[in-house]
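When we follow the numbering used here, the leftmost residue of the sequence shown carries the number 76, and every step to the right adds one.
A virtual CB, placed ideally from N, CA and C, is assigned to each residue, including glycine.
Below: one structure, written as structure tokens.
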Amino acid sequence: MTAELHVASIRRISEILATMRAPGSPLRSMLSADVTDPPRVPAPASIELADPAVVAAHVRNGLLRDIRGGVVPNMPDGQDESQHSGEILRVAADLVAHARGDFVLSHATAAHLHGAWTYATPALVHVTHEFHPHVARRAEPQVRRHHTRLRPSERTVVHGVPVTSPERTLVDCLRTLPAPGALVVADSLFRRGADPDEVSRIMSASRGKRGMLQARRLFDVCDPRSASPGETVARLVAIDGGLPRPECQMEVRTASATRFVDFGWPDVGLGVEFDGEIKYSGGEYGDPQDVSRNQQLRHDEIAATGVAIIRAGWRDLADPLTLGRRMTLTYYTARGARNLA
């Protein structure tokens, strides 16, 4: 099966990645997807020499968690970026410790272990087998088992745990996750090195599988220049609202420097900035008042060039229809003003 259906998307994403990787590119630092140490499935604790009473006490107070035939260290809530990360890793540890036969962790679980961003992803652990697995939803309510044959190139190991390759993971997520979460995973996996050609091969080989219509649509709007999950979701809201595919990291030359707006439409002079709360949280990000002041100065510089800015945040993403209407109205107002100028 050829990759003819994906030629345009492959070319576009490959060109974006080449630009990001070019020496001296201001976007080069974005290739990390801001994840330096992907989460690890905790290994079972060694308790052979431990006092059973002490182990039982640690389980009661939450330092350890019972799994079948052993215990694993408990992970404090909020330690990882994903809200459900700790629970996902605990269930995955149970599966890995007691798995029989050939298996790989896959789909959103593999994305998590590869260090990809996630967004609104259910706290489920996905496992792929090359044989038809026994499914016991009552006994394993947080486990989803899949059956498919994988090429050797579609399998890898992360910190000793078998997982699907970044490319296979990307396609599985494009097919099966809700669209916003699927695009978030895809954008970040491309940033972290997923090969567009291999992604296209897997998509071509998956023709006819459930979810491929969504996968092809989202593949066409993937953009590894997206700097955060919020930017990706806001960009999809704009596209779903009927607007043209925006330019990520839209370049704006101001009086003092070249600025990059999260995404926008240069031809109509409109940009969108997603304000994540983390930049105002202090600590390594600096004094929140200084950050807010600098953001306002940056906004004023961009506005002085004639580029209008829509600001959006997490609360806006909770109501995508309203955000979409606001972006659409502002876009056509800006386009009309440009046409009259």
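Residue j and residue i - do their beta-carbons sit closer together than 7 angstroms?
i       : j       : result
Val-296 : Ile-314 : yes
Asp-270 : His-182 : no
Arg-224 : Glu-205 : yes
Leu-258 : Leu-288 : no
Val-477 : Arg-413 : Since the displayed the chain opens at 76 and closes at 416, residue 477 lies outside it and no answer follows.
Thr-403 : Gly-316 : yes
Thr-203 : Val-179 : yes
Val-200 : Leu-245 : no
Pro-319 : Phe-338 : no
His-221 : His-207 : no
Arg-266 : Pro-299 : yes
Val-312 : Gly-399 : yes
Asp-262 : Ser-301 : yes
Val-233 : Leu-188 : yes
Leu-392 : Val-336 : no
Within the continuous beta strand (DSSP E) that includes residue i, where are the two ends?
i       : result
Pro-237 : 236-239
Leu-345 : 345-349
Arg-220 : 218-222
Ala-387 : 383-387
Thr-193 : Element bounds for Thr-193: n/a, residue is neither H nor E.
His-204 : 200-204
Over what stretch of residues does the alpha helix (DSSP H) that includes residue i continue unbroken?
i       : result
Thr-408 : 395-415
Ala-93  : 82-96
Arg-165 : 160-173
Thr-231 : Per DSSP, Thr-231 belongs to no alpha helix (DSSP H); it is in the beta strand (DSSP E), 230-233.
Contact defined as beta carbons within less than 8 angstroms: I believe residue i pairs with residue j. What is the distance between those atoms, to the nearest angstrom?
i       : j       : result
Ala-195 : Gln-217 : Not confirmed; about 16 angstroms, so no contact.
Ala-290 : Leu-252 : Their Cβ separation, rounded to whole angstroms, is 10 angstroms, which puts Ala-290 and Leu-252 out of contact at 8 angstroms.
Thr-329 : Ile-377 : 6 angstroms
Ala-383 : Thr-405 : 7 angstroms
Leu-264 : Ala-186 : 7 angstroms
Ala-211 : Val-260 : Their Cβ separation, rounded to whole angstroms, is 27 angstroms, which puts Ala-211 and Val-260 out of contact at 8 angstroms.
Arg-103 : Arg-96  : 7 angstroms
Thr-184 : Ala-168 : Contact flag wrong, Cβ pair sits at about 12 angstroms.
Alpha helix (DSSP H) segments (min. 4 residues) lying fully within the segment 266-332:
As far as the segment 266-332 is concerned, its whole alpha helix (DSSP H) runs of at least 4 residues are 271-280, 287-294, 304-315.
Specify whether the segment 386-394 and the segment 343-351 touch according to this definition: at least 3 beta carbon pairs, one from each stretch, less than 8 angstroms apart.
Judged by Cβ distances under 8 angstroms, the segment 386-394 makes contact with the segment 343-351, as three or more pairs qualify.
For the segment 371-379 against the segment 404-411, do three or more pairs of beta-carbon atoms, one drawn from each stretch, fall closer than 8 angstroms, so that the two count as touching?
No, the segment 371-379 is not in contact with the segment 404-411.
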